[in-house]
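> Below you will find the structure I want to go over with you.
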Amino acid sequence: MEKSRLAYEQRAAYEKWEHSYRISLMIMKGSITTAIRGAILDSDNAKMYLAHIEEQFQGSSKAHATTLITKMVTLKYSGSNGVREHILRMNDMASQLKGLDMEISEGFLVHFIMTSLPAQFGPFKINYNTQIKKWKMSELISMCVQEEERLKSEQPDSAHVAITSSSKGKGKGKKFGKSNVQRNTSASVTKTGKASSSGTNGSSGPKCHFYDILLASSDMHMLHKTKKNFMSNNFDMKDLGEASYVIGIEIHRDRSRGILGLSQRAYIDKVLKRFNMHNCASTVAPVVKGDKFSLLQCPRNQLEQDKMERIPYASAVGSLKYAQVCTRPDIVYVVGMLRRYQINPGMGHWKAAKKVMRYLQDTKDFMFTYRKSDNLELGKQYKS
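Residue numbers (the UniProt record's numbering): 1 to 384.
This is the structure:
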């Protein structure tokens with residue numbers, strides 16, 4: 001009786017396995033397009049069928065491997081899609097080669113990616129070569145993104161010329177002349193079509209074009225003289241009148257009340273759209289009591305690290321940092337906290353960064369204002 005029961009259970013288990021086996025084979029065949037399936041020798045045995053597929057595509061896999069290797073050797077970072085996308089693309093090609101039994105070690109891949117970066121990353125490469133510790137892919141992505149943000153911040157879209165005046169009253173300033181203007185402005189421009197490298201007197205550099213040059217002075221007479229005697233004679237320029245927009249910052253004036261306002265609404269809208277937060281719900285504060293920032297929020301396993309590699313955390317924090325430096329001191333604390341975890345951010349840190357964006361969505365009409373005062377009072381700040 002016991003033997004018959006065991007035989008019945010074994011037969012039932014076999015029938016169940018056979019049913020699953022047939023379904024699996026059917027799914028395998030159904031997932032292949034008809035044109036390709038017709039060229040594969042049919043079989044009712046899953047193992048044999050997979051072997052026939054391997055034989056069919058063995059030659060093409062070698063050609064695919066050759067194509068991938070050629071792409072990796074010739075691929076250089078152009079700066080069009082961001083360094084993160086460039087690294088992920090090369091990492092994807094390495095993963096495909098691994099599937100073709102041509103595995104590339106992580107250390108070699110990191111070094112290979114470093115060689116694909118342009119000359120602008122020269123100091124960054126030197127820093128990498130002098131370090132004993134080898135970087136992982138997650139560390140490479142984080143470091144390269146930060147370096148890219150730093151390079152962008154060092155290459156502003158506008159050139160600025162600031163003219164200072166030592167006059168203390170109307171008509172009592174120093175005599176203005178072309179040589180004086182050239183000395184004060186030579187840190188920005190020197191000759192027609194030339195850019196100055198450094199120093200008070202400046203030196204000629206490669207040809208370049210200047211857009212939206214902002215002239216500033218407390219002496220209007222000096223300002224007009226500068227435009228007429230120096231700028232117009234040395235540059236092909238068009239006077240656009242009173243400045244209303246510079247380096248992404250909109251300038252608002254209320255002279256009746258002596259107020260000057262700086263707004264980054266357009267920049268904030270651009271940042272929100274870039275990180276797909278332009279339709280997000282707003283919040284009244286970037287950080288509240290109870291919000292925590294700690295290393296415990298960092299990724300604890302490879303799955304969490306892989307998930308965070310696809311999130312542009314460093315770029316988001318860099319964008320928030322620019323807004324904070326220019327016109328939004330109200331987010332200085334939370335941005336400072338977020339920057340602490342740029343090397344190894346977790347999902348909790350990313351949610352906190354998005355909360356700051358939601359706050360900016362609610363307050364993008366805020367302006368950083370300067371108010372005219374006859375009695376200027378200097379405050380003191382103590383650092384404990």
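Virtual Cβ for every residue (Gly too), placed ideally from N, Cα, C.
#1: Could you spell out where the beta strand (DSSP E) holding residue 252 opens and where it closes?
#2: What's the gap between the Cα of residue 299 and the Cα of residue 15?
#3: Alpha helix (DSSP H) containing residue 87: first to last residue?
#4: Check whether the region 332-350 and the region 267-280 touch, using three or more Cβ-Cβ pairs below 8 Å as the test.
#5: Could you give the distance in angstroms between the alpha-carbon of residue 121 and the alpha-carbon of residue 153?
#6: Starting from residue 339 and walking both ways along the alpha helix (DSSP H), at which residues does that stretch end?
#7: In the region 253-286, which residue ranges form an unbroken beta strand (DSSP E) of at least 3 residues, counting only runs that do not cross its ends?
#8: By DSSP, does residue 115 sit in helix, in strand, or in coil?
#9: Please return the same chain residues whose Cβ sits closer than 6 Å to the Cβ of residue 286, not counting the five positions on each side in sequence.
#10: Between residue 144 and residue 73, which are expected to be in contact by the criterion C-beta below 8 Å, what is the C-beta distance as a whole number of angstroms?
#11: Could you please give the first and the last residue of the uninterrupted beta strand (DSSP E) stretch that includes residue 369?
#12: Would you kindly work out how many angstroms separate the C-alpha atoms of residue 45 and residue 25, rounded to a whole number?
#13: If you measure between the beta carbons of residue 252 and residue 258, is that distance less than 8 Å?
#14: The alpha helix (DSSP H) with residue 124 in it runs from where to where?
#15: Residue 32 lies in the alpha helix (DSSP H); which residues open and close that run?
#16: Expressed to the nearest angstrom, what Euclidean distance is found between the alpha-carbon atoms of residue 36 and residue 293?
#17: Go to residue 359, then tell me how far its alpha helix (DSSP H) extends in each direction, as first and last residue.
#18: When the Cα atoms are used, what is the spatial distance from residue 373 to residue 329?
#19: Since residue 321 and residue 339 should fall inside the 8 Å C-beta cutoff, what is the C-beta to C-beta distance between them, to a whole number of angstroms?
#20: Give me the Cα-Cα distance between residue 165 and residue 216, rounded to the nearest whole angstrom.
#21: On the DSSP bridge list, what partners appear for residue 246?
#22: Tell me, please, whether the CB atom of residue 152 is closer than 8 Å to any CB atom in chain D?
#23: How far does the alpha helix (DSSP H) with residue 319 in it extend, from its first residue to its last?
#24: Using 10 angstroms around the beta-carbon of residue 318, count the other beta-carbons present and answer buried if the total reaches 16, otherwise exposed.
#25: Could you check the C-alpha separation between residue 248 and residue 265 for me, to the nearest Å?
#26: Decide if residue 103 is buried, meaning its Cβ has at least 16 other Cβ atoms within 10 Å, or exposed.
#27: Within the same chain, show all residues whose beta-carbon is closer than 6 Å to that of residue 344, passing over the 5 residues directly before and after it, in chain order.
#28: Alpha carbon to alpha carbon, what distance is there between residue 87 and residue 81?
#29: Assuming residue 90 contacts residue 110 (C-beta within less than 8 Å), just tell me the rounded distance between them.
#30: Use the C-beta contact count for residue 42: other C-beta atoms within 10 angstroms, 16 or more gives buried, fewer gives exposed.
#31: Thinking C-beta only, is residue 250 closer than 8 Å to residue 244?
#32: Give me the residue from 99, 93, 117, 107 with the minimum Cα distance to residue 78.
#33: I need the straight-line Cα distance from residue 132 to residue 150, nearest angstrom please.
#34: Just to confirm my understanding: we take residue 170, look at its own chain, exclude 5 residues before and 5 after, and list those with CB closer than 6 Å. What are they?
#35: In whole angstroms, what is the alpha-carbon distance linking residue 139 and residue 99?
#36: Applying the 10 Å Cβ sphere with the 16-neighbour rule, what's the burial state of residue 48?
To lay it out plainly:
#1: 249-254
#2: The alpha-carbon atoms of residue 299 and residue 15 are separated by roughly 45 Å.
#3: 83-99
#4: no
#5: 14 Å
#6: 332-339
#7: 259-263
#8: It is helical.
#9: 331, 334, 356, 359
#10: Going by Cβ atoms, the distance from residue 144 to residue 73 rounds to 19 Å, so no, they are not a contact pair.
#11: Judged by DSSP secondary structure, residue 369 falls within the beta strand (DSSP E) whose first and last residues are 368-371.
#12: 8 Å
#13: no
#14: 122-130
#15: Boundaries cannot be given for residue 32, as no alpha helix (DSSP H) includes it and DSSP labels it neither H nor E.
#16: 53 Å
#17: Counting along the chain, the alpha helix (DSSP H) containing residue 359 begins and ends at 347-363.
#18: 21 Å
#19: 7 Å
#20: Confidence in residue 165 is poor, its pLDDT being 39 and thus under 50, which makes the residue's placement unreliable; the coordinate value appears in the next sentence. Those two C-alpha atoms are separated by around 10 Å.
#21: 249
#22: In summary, chain D is missing from the structure at hand, where a single protein chain is found.
#23: Looking at the DSSP string, the run of the alpha helix (DSSP H) that includes residue 319 is 313-326.
#24: Of the other Cβ atoms in all chains shown, 16 or more fall within 10 Å of the Cβ of residue 318; this residue is therefore buried.
#25: Cα to Cα, the separation comes out at about 9 Å.
#26: exposed
#27: 298
#28: Looking at the two C-alpha atoms, the distance is approximately 11 Å.
#29: Their Cβ separation, rounded to whole angstroms, is 10 Å, which puts residue 90 and residue 110 out of contact at 8 Å.
#30: exposed
#31: yes
#32: 117
#33: 24 Å
#34: Note that residue 170 has pLDDT 43, beneath the 50 cutoff, so the model's placement of it is unreliable and the number below is only indicative. So no residue of the chain qualifies.
#35: 24 Å
#36: Burial call: exposed.
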